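Participant: In the numbering used here, the protein residues as written are 1370 to 1617. Beta carbons are placed, not taken as given, at the ideal position from N, Cα and C, and that holds for glycine. From a predicted model like this one, the values you see are computed outputs, not experimental measurements. I'd like to ask you about the structure that follows.
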């Protein structure tokens, strides 16, 4: 299978099905969700592009040259499409999940917010330490890249995420499990390959633990971001109104 074929089957089809459900739905916050997904997609491309180019340039992972349309920098064109499609996939899933689990817009500061924030900080430091060892390099690159975003999101509104913990857990785990399966297939089919030199050697089936962590933390970014877009909608509108007042 080509990389483009992989994207069509594993991301295009479920996105198309869920987009049809979104079109027919009357769930709240549709405009906010569209704005949130659009913003998160743009940020995902901007933030991930230099990082992923570094990975490929240093052979942390590589792709089958006969499986891709071409490259931009060091990365296949389809990889940039993946940045977009994964964000859309998880974002639409989060939106549809509201039909089962209602998002609550009120929240109080809790001790759990502080502990999770501390955990993210510790993982960032651990990630930096991993960069010094070859077999921990990929893990270190993932953690040191992802944790600053997760820390920022948690600082901005971790109390809302804690309040909506059921929604949060399901919004992250379901797309993560699905993408683990898709990633394992791609590795099995040699669409892309993960370096054994730069990984710890622990796998779930043929899925390196680093890949599982990567999709988990990227889905965390999308889910946390979208929850904040929706639950902090009134705060965002207030800020925008003040901005218009001062600059118009």
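Give me, in chain order, the residues of the same chain whose beta-carbon lies closer than 8 Å to that of residue 1518; leave out the 5 immediate sequence neighbours on both sides.
Facilitator: Locating residue 1518 in the chain shown gives position 149, counting from the first residue. Only 1416, 1590 meet the Cβ criterion.
Participant: Can you tell which of 1546, 1501, 1584 has its C-alpha closest to the C-alpha of residue 1452?
Facilitator: Translated into the one-based positions of the chain shown, residue 1452 becomes position 83. It is 1584.
Participant: Kindly indicate which residue of 1412, 1495, 1587, 1391 has the alpha-carbon position closest to the one of residue 1546.
Facilitator: Numbered from 1 along the chain shown, position 177 holds the residue referred to as residue 1546. The candidate whose alpha carbon is nearest that of residue 1546 is 1587.
Participant: Just verifying my parser: in three-state terms, what is the DSSP assignment at residue 1500?
Facilitator: Translated into positions along the chain shown, residue 1500 becomes position 131. Here residue 1500 sits in coil by DSSP.
Participant: Rounded to whole angstroms, what's the CA-CA distance from residue 1579 to residue 1505? Just pull it up for me.
Facilitator: On the chain shown, position 210 is the one that residue 1579 refers to. On the chain shown, position 136 is the one that residue 1505 refers to. So the two alpha carbons sit approximately 9 Å from each other.
Participant: Give me the residue from 1484, 1442, 1489 with the minimum Cα distance to residue 1423.
Facilitator: Along the chain shown, read from residue 1 onward, the residue named residue 1423 stands at position 54. Checked all of 1484, 1442, 1489; the closest Cα to residue 1423 is 1442.
Participant: Less than 8 Å between the CB atoms is what I'm expecting for residue 1457 and residue 1384, so what's the real figure, rounded?
Facilitator: Along the chain shown, one-based indexing puts residue 1457 at 88. Along the chain shown, one-based indexing puts residue 1384 at 15. Contact flag correct, Cβ pair sits at about 6 Å.
Participant: Sorted by chain position, which residues of the same chain lie with C-beta nearer than 7 Å to residue 1466's C-beta, five sequence neighbours on each side aside?
Facilitator: One-based indexing of the chain shown puts residue 1466 at position 97. So the qualifying residues of the chain are 1536, 1539, 1540.
Participant: What do you get for residue 1386, buried or exposed, if any count of 16 or more other CB atoms within 10 angstroms of its CB means buried?
Facilitator: Residue numbering aside, residue 1386 sits at position 17 when the chain shown is read from its first letter. It is exposed - the Cβ of residue 1386 has fewer than 16 other Cβ atoms within 10 Å.
Participant: Output needed for residue 1490: all residues of its chain with C-beta closer than 7 Å, excluding positions within five of it in sequence on either side, in chain order.
Facilitator: Sequence index remark: in the chain shown, residue 1490 carries index 121 (1-based). So the list reads 1520, once near-sequence residues are dropped.
Participant: Could you tell me the alpha carbon to alpha carbon distance between residue 1461 and residue 1526, rounded to whole angstroms?
Facilitator: Taking the chain shown and counting its residues from 1, one reaches residue 1461 at position 92. Taking the chain shown and counting its residues from 1, one reaches residue 1526 at position 157. Between residue 1461 and residue 1526, the C-alpha separation is close to 21 Å.
Participant: Check whether the Cβ atoms of residue 1560 and residue 1370 lie closer than 8 Å to each other.
Facilitator: In the chain shown, residue 1560 corresponds to position 191, counting from 1. In the chain shown, residue 1370 corresponds to position 1, counting from 1. Going by C-beta atoms, residue 1560 is nearer than 8 Å to residue 1370.
Participant: Take every Cβ of the stretch 1470 to 1487, pair it with every Cβ of the stretch 1592 to 1604, and state whether three or more of those distances are shorter than 8 Å.
Facilitator: Contact between the stretch 1470 to 1487 and the stretch 1592 to 1604 is present, because at least three Cβ pairs lie under 8 Å.
Participant: Please go through the stretch 1425 to 1482 and give each complete beta strand (DSSP E) segment of 3 or more residues, from N-terminal end onward.
Facilitator: As far as the stretch 1425 to 1482 is concerned, its whole beta strand (DSSP E) runs of at least 3 residues are 1430 to 1432.
Participant: Output the boundary residues of the alpha helix (DSSP H) element that contains residue 1600.
Facilitator: As a working mapping, residue 1600 is identified with position 231 in the chain shown. Start and end: 1578 to 1600.
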